[in-house]
Amino acid sequence: MNQLEAKFGDFGGMYVPELLIPALDQLEAAFIDAKDDPAFQEEFLSLLKDYAGRPTAMTLTRNLVSNPNVKLYLKREDLLHGGAHKTNQVLGQALLTKRMGKTEVIAETGAGQHGTATALACALLGLKARIYMGAKDVERQAPNVFRMRLMGAEVIPVNAGSGTLKDAVNEAMRDWSANYDKAHYLLGTAAGPHPFPHIVREFHRMIGEETRAQIMEKEGRLPDSVVACVGGGSNAIGMFADFIDEPDVRLIGVEPAGKGLHTKEHGATICTGSKGILHGSYTYIMQDQEGQIEESYSVSAGLDYPAVGPQHAYLADIGRAEYVSVTDDEALNAFKLLARKEGIIPALESAHALAHALNMADEAEDGTIIVVNLSGRGDKDIGVVTKILGEEFNG
Amino acid sequence: MDRYSDMFSRLQNDNAGAFVPFVTVGDPDLATSERIIGQLVDSGADALELGLPYSDPIADGPTIQAASIRARQSKVSTADCFALLARVREKYPNIPIGLLLYSNLVMASGVTQFYQKASDAGVDSILIADVPLREAKPFLAAATASGIKQILIAPPNASDETMALIGEHSSGYTYLLGRAGVTGAETAAEIPAAELVAKLSHYQCAPPLLGFGISKPEQVKSAIEAGAAGAISGSATVNIIAQNLGNTEAMLTALDKFVGSMKAATARG
């Protein structure tokens, strides 16, 4: 039986083959054991500080918001080593891998950010990494494939299905089913079967904790809203976790509306999806009437996923967090604005959160404080954005 | 009517084990699939294990994934599958029919409704690849309510606690995994230690059928010698379909030969 709560209300759970239950139980036990072990905590904190660069800065934007009495802060996860928040929890899980006496790591990646974070942690800690990536994504995200290989990871293109993140997860789970004795599945987001949503949240919780401390220092009070993008939902749950019990802080998750919610080309799972099971978890998913999983779409590969972490599904259902959506075009506009006005190039994922926060700031009352989790930097997106906006900047 | 216990008593009289082929319903299309399933029975299958096409089959290797993809390309829906199953049931009133599928297909129509539809189509058992015992409660309840047997999986790494739970809840048969990993003929099954079979019997689990990696008559023979009540062969059967797409007659002939040789290997002693 589980030692930690495996569900958030009805959401979450462990919908995996019986064969994988012992491996998930072993992971849960290792996590609980590590949590109470000062030596583990010390190593994790020291890696976060001295290797990854925590705490990350919090930046008050100077030029983005027209109303001088509304403050928009950015939590700068883009400054973390690896270029995104992903590094936090990967370091945690890589340490757990060693603690369990395993020598190999299996991971999936969409845009390549989680794969890159996994590759760097495995290089650092002497683990052998193999990373499944949809064949289409391998093509779209060539620089990240190069980075992963440079750091010694094996990148395995997945041709099955649509050749994107969902199919890479399927393949990683298949690999894990055969190799759980020596390999850890280092899942990249706060989704999947228990205990992953719990572990990933706890290893990203410092995002919200630092935000709280930084905003208290700068403003002497909590923010009115924290805003984060939601694909699987790891950066958002990391930002939300420390504020869930603060009813005066609005928690806002921003999903990808792609080409519009009226089209089929989006990934707004909570906003438009229905309840079901994907990759081991009961949550909101994109599916047809008979339960076949549908393809998601977003200009941002990191948000292009047809399910969402079960705790987000729960926070939405109980009304504690609000989930909205932002289109490709709105996100691209925010991407340009942040570069032009503040000299920061955000990840396209994070640009979704920013786009919504900018709309909020326009309508906010004087004195409002909003924090956006700027979950990653945009260097990885230059290729994609060049294709879309190339004309505008070429001469 | 309990078609599984009828089958096991008949086999005991015959001094033989069961051979159970697996195919995906609707692979490669509905009409061909109906002929394939009929052929499996006519060639001597003791029971049928049938998959429903699904978009994300995480417990399946490339061969059975490809079967799902072919069926879905032929626009086969779950409703079509139930209609086909009802026709198979009409034609073969006594053969046990088991479904092997993924949880979201069940959730999408509602657990109770799904089991009722399966029961109405003449299905005897349901195995859900991604529902472990820990999540099985609502499915077991629906199974009981609709007269369907919920098939449970005994993996090679199962703890005594898991085995005891299987003993408590199993009916029909127990799906004994021949090895870790996903379905596929590429990696052969390991013949279960007599110890594992003995443990299943100690906990009074339903008779074990060995599956995953069974592609040859010798394996069927060894499985039965090791104490299994029979063997299930999926990827090897589906491979024959994949290799004969576009030539249904050759496909049916090859299936006939395959099932015949696998069934022949079930004789005890």
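Chains A and B are the protein sequences, given in the same order.
Position 363 of the first sequence, counting from 1, maps to 363 under this note's numbering, and the rest follow consecutively.
Position 136 of the second sequence, counting from 1, maps to 1136 under this note's numbering, and the rest follow consecutively.
Backbone N, C-alpha and C define an ideal beta-carbon position, used for all residues, glycine too.
Item checked: alpha helix (DSSP H) segment containing Cys122 (chain A), residue limits -> Your numbering for residue 122 (chain A) matches position 122 in the first sequence. Element bounds for Cys122 (chain A): Gln113 to Leu125.
Checklist line | Amino acids of chain A, ordered along the chain, whose beta-carbon sits closer than 7 angstroms to that of Thr1078 (chain B) | finding: Taking the first residue of the second sequence as 1, we reach residue 1078 (chain B) at position 78. The answer, in chain order, is Glu290.
Notebook entry, point to check: Between the C-alpha atoms of Trp176 (chain A) and Thr283 (chain A), what's the straight-line distance to the nearest angstrom?
Noted result: Your numbering for residue 176 (chain A) matches position 176 in the first sequence. Your numbering for residue 283 (chain A) matches position 283 in the first sequence. Rounded to whole angstroms, the separation of the alpha carbons of Thr283 (chain A) and Trp176 (chain A) is 22 angstroms.
Note to self: Closer than 8 angstroms between beta carbons: that is the criterion. Which residues of the segment 1126 to 1138 of chain B meet it against chain A?
What the structure shows: Those residues of the segment 1126 to 1138 of chain B that come within reach of chain A (Cβ to Cβ, closer than 8 angstroms) are Ala1129, Asp1130, Val1131, Pro1132, Leu1133, Arg1134 and Glu1135.
Check: Would a check of beta-carbon distances place Gly1181 (chain B) closer than 8 angstroms to chain A?
Finding: For the purposes of this step, residue 1181 (chain B) is taken as the residue at position 181 of the second sequence. Yes, because at least one Cβ of chain A sits closer than 8 angstroms to the Cβ of Gly1181 (chain B).
Notebook entry, point to check: Should Pro1207 (chain B) be counted as a contact of the ligand HEM given a C-beta to heavy atom distance under 7 angstroms?
Noted result: The ligand HEM is absent from the structure shown, which contains no ligand whatsoever.
Next item on the list: Tell me, please, whether the CB atom of Leu19 (chain A) is closer than 8 angstroms to any CB atom in chain B?
Entry: The sequence position of residue 19 (chain A) within the first sequence is 19, counting from 1. For Leu19 (chain A), at least one C-beta of chain B is nearer than 8 angstroms to its own C-beta.
Margin query: If distances are taken between C-alpha atoms only, which option among B:Leu1105, B:Leu1052, B:Arg1087 and B:Gln1012 comes closest to Glu290 (chain A)?
Written below: Counted from its first residue, the first sequence places residue 290 (chain A) at position 290. It is B:Leu1105 whose Cα lies nearest to the Cα of Glu290 (chain A).
Next item on the list: Under 9 angstroms between beta-carbons, which chain B residues line up against Pro22 (chain A)? List them in chain order, please.
Entry: Position 22 of the first sequence, counting from 1, holds the residue named residue 22 (chain A). The answer, in chain order, is Pro1155, Asn1157, Ala1158, Ser1159 and Thr1162.
Notebook entry, point to check: In chain order, what residues of the segment 1223 to 1247 of chain B put their CB closer than 7 angstroms to some CB of chain A?
Noted result: Contact annotation: in the segment 1223 to 1247 of chain B, no residue has its CB less than 7 angstroms from a CB in chain A.
Check: What residues of chain B sit near Ala160 (chain A), judged by a beta carbon separation below 7 angstroms?
Finding: Start at 1 with the first residue of the first sequence, and residue 160 (chain A) comes out as number 160. Counting only Cβ-Cβ distances below 7 angstroms, Ala160 (chain A) has contacts in chain B at Gln1065, in chain order.
Check: Measuring CA to CA, which of B:Leu1252, B:Ala1267 and B:Gly1234 is closest to Phe1022 (chain B)?
Finding: Taking the second sequence and counting its residues from 1, one reaches residue 1022 (chain B) at position 22. Distance check between Phe1022 (chain B) and each of B:Leu1252, B:Ala1267 and B:Gly1234 places B:Gly1234 closest, using alpha-carbon atoms only.
Check: What number of angstroms, rounded off, separates the C-alpha of Phe1212 (chain B) from the C-alpha of Gly1184 (chain B)?
Finding: The residue labelled residue 1212 (chain B) in the question sits at position 212 within the second sequence. The residue labelled residue 1184 (chain B) in the question sits at position 184 within the second sequence. Computed Cα separation, rounded: 6 angstroms.
Item checked: Members of the segment 1091 to 1111 of chain B near chain A, C-beta cut-off 9 angstroms -> Listed by position, the residues of the segment 1091 to 1111 of chain B near chain A (Cβ gap below 9 angstroms) are Tyr1102, Ser1103, Asn1104, Leu1105, Val1106, Met1107, Ala1108 and Ser1109.
Note to self: Rounding to the nearest angstrom, what Cα-Cα distance links Cys122 (chain A) and Glu28 (chain A) in this structure?
What the structure shows: As a first step, residue 122 (chain A) is located in the first sequence; it is residue number 122 there, counting from the start. As a first step, residue 28 (chain A) is located in the first sequence; it is residue number 28 there, counting from the start. Taking the straight line from one Cα to the other gives about 21 angstroms.
Check: Should Ala142 (chain A) go down as buried or exposed, given a rule of 16 or more other Cβ atoms within 10 Å for buried?
Finding: What you label residue 142 (chain A) is simply residue 142 of the first sequence in a count that begins at 1. By the neighbour-count rule (16 or more Cβ atoms within 10 Å), Ala142 (chain A) is not buried but exposed.
Item checked: Per DSSP, cross-strand counterpart(s) of Glu1049 (chain B) -> Along the second sequence, one-based indexing puts residue 1049 (chain B) at 49. Bridge partners of Glu1049 (chain B) according to DSSP: B:Phe1022 and B:Gly1098.
Next item on the list: May I ask you to list the residues that DSSP assigns as paired with Gln413 (chain A)?
Entry: This structure cannot speak to residue 413 (chain A), because chain A is shown only from 1 to 395.
Note to self: So, with DSSP's three-state summary, where would you put Gly302 (chain A)?
What the structure shows: Looking up residue 302 (chain A) in the first sequence gives position 302. Reduced to three states, the DSSP call for Gly302 (chain A) is helix.
Item checked: Helix, strand or coil at Gln1150 (chain B) according to DSSP, with G and I counted as helix -> By 1-based counting over the second sequence, the position of residue 1150 (chain B) is 150. Here Gln1150 (chain B) sits in strand by DSSP.
Note to self: Between Asp1056 (chain B) and chain A, is the shortest Cβ-Cβ distance under 8 angstroms, so that the two count as touching?
What the structure shows: Looking up residue 1056 (chain B) in the second sequence gives position 56. Taking Cβ atoms only, chain A reaches closer than 8 angstroms to Asp1056 (chain B), which makes this a yes.
Item checked: Residue-level contact to chain A via CB, Leu1085 (chain B), 8 angstroms cutoff -> On the second sequence, residue 1085 (chain B) is found 85 positions in, with the first residue counted as 1. No, no contact with chain A.
Notebook entry, point to check: If the cut is a Cβ gap below 9 angstroms, which residues of chain B does Ala178 (chain A) touch?
Noted result: Along the first sequence, read from residue 1 onward, the residue named residue 178 (chain A) stands at position 178. Here the neighbours are Arg1179, Ala1180, Gly1181, Val1182 and Thr1187.
Item checked: N-terminal and C-terminal residue of the alpha helix (DSSP H) that Asn67 (chain A) is part of -> Along the first sequence, one-based indexing puts residue 67 (chain A) at 67. DSSP places Asn67 (chain A) in no alpha helix (DSSP H); its state is neither H nor E.
Next item on the list: Please determine if the segment 1106 to 1121 of chain B and the segment 1135 to 1147 of chain B are in contact, where contact requires at least 3 C-beta pairs separated by less than 8 angstroms.
Entry: Two segments are said to touch when three or more pairs of C-beta atoms, one from each, lie closer than 8 angstroms; by this definition the segment 1106 to 1121 of chain B touches the segment 1135 to 1147 of chain B.
Checklist line | Contacts that Asn170 (chain A) makes with chain B (C-beta to C-beta distance below 7 angstroms) | finding: Here residue 170 (chain A) is taken as the residue at index 170 of the first sequence, counted from 1. The contacting residues are Asp1056 and Ile1058.
Checklist line | Extent of the continuous beta strand (DSSP E) to which His184 (chain A) belongs | finding: One-based indexing of the first sequence puts residue 184 (chain A) at position 184. Here the beta strand (DSSP E) through His184 (chain A) covers Ala183 to Tyr185.
Next item on the list: Starting from Asn373 (chain A), trace the beta strand (DSSP E) both ways and give me its first and last residue.
Entry: By 1-based counting over the first sequence, the position of residue 373 (chain A) is 373. Membership of Asn373 (chain A) in the beta strand (DSSP E) is indicated by the continuous run Ile369 to Leu374.
Item checked: Closer than 8 angstroms to chain B by CB, Gln287 (chain A) -> Here residue 287 (chain A) is taken as the residue at index 287 of the first sequence, counted from 1. With its beta carbon less than 8 angstroms from one in chain B, Gln287 (chain A) belongs to the interface.
Check: If Ala1229 (chain B) and Ala1016 (chain B) are in contact, beta carbons under 8 angstroms, what's the gap, nearest whole angstrom?
Finding: As a first step, residue 1229 (chain B) is located in the second sequence; it is residue number 229 there, counting from the start. As a first step, residue 1016 (chain B) is located in the second sequence; it is residue number 16 there, counting from the start. In this structure Ala1229 (chain B) is not in contact with Ala1016 (chain B), their Cβ atoms being roughly 10 angstroms apart against a cut-off of 8 angstroms.
Check: What's the gap between the Cα of Thr327 (chain A) and the Cα of Gly260 (chain A)?
Finding: To locate residue 327 (chain A), count along the first sequence from 1; it is residue 327. To locate residue 260 (chain A), count along the first sequence from 1; it is residue 260. Between Thr327 (chain A) and Gly260 (chain A), the C-alpha separation is close to 6 angstroms.
Next item on the list: Give a yes or no on whether the minimum CB-CB distance between Leu278 (chain A) and chain B is below 8 angstroms.
Entry: If you number the first sequence from 1, residue 278 (chain A) lands on position 278. Residue-level contact check: Leu278 (chain A) touches chain B, since one or more beta carbons of chain B fall below 8 angstroms from its beta carbon.
Checklist line | Contact list for Tyr51 (chain A) against chain B, beta-carbon separation under 8 angstroms | finding: Residue mapping note: residue 51 (chain A) aligns to position 51 of the first sequence, counting from 1. The premise fails here: Tyr51 (chain A) is roughly 34 angstroms from chain B at the closest Cβ pair, so nothing lies under 8 angstroms.
Note to self: Between the alpha carbons of Ser1068 (chain B) and Gly1110 (chain B), how many angstroms are there, rounded?
What the structure shows: Counting from 1 along the second sequence, the entry for residue 1068 (chain B) is found at position 68. Counting from 1 along the second sequence, the entry for residue 1110 (chain B) is found at position 110. So the two alpha carbons sit approximately 22 angstroms from each other.
Check: What residue range is occupied by the uninterrupted alpha helix (DSSP H) comprising Cys1205 (chain B)?
Finding: Residue mapping note: residue 1205 (chain B) aligns to position 205 of the second sequence, counting from 1. Note, Cys1205 (chain B): premise wrong, no alpha helix (DSSP H); not H, not E.
Checklist line | Separation of Gly319 (chain A) from Ile244 (chain A), as counted between CA atoms | finding: Within the first sequence, residue 244 (chain A) is the residue found at index 244, counting from 1. Within the first sequence, residue 319 (chain A) is the residue found at index 319, counting from 1. Approximately 11 angstroms between the Cα atoms of the pair.
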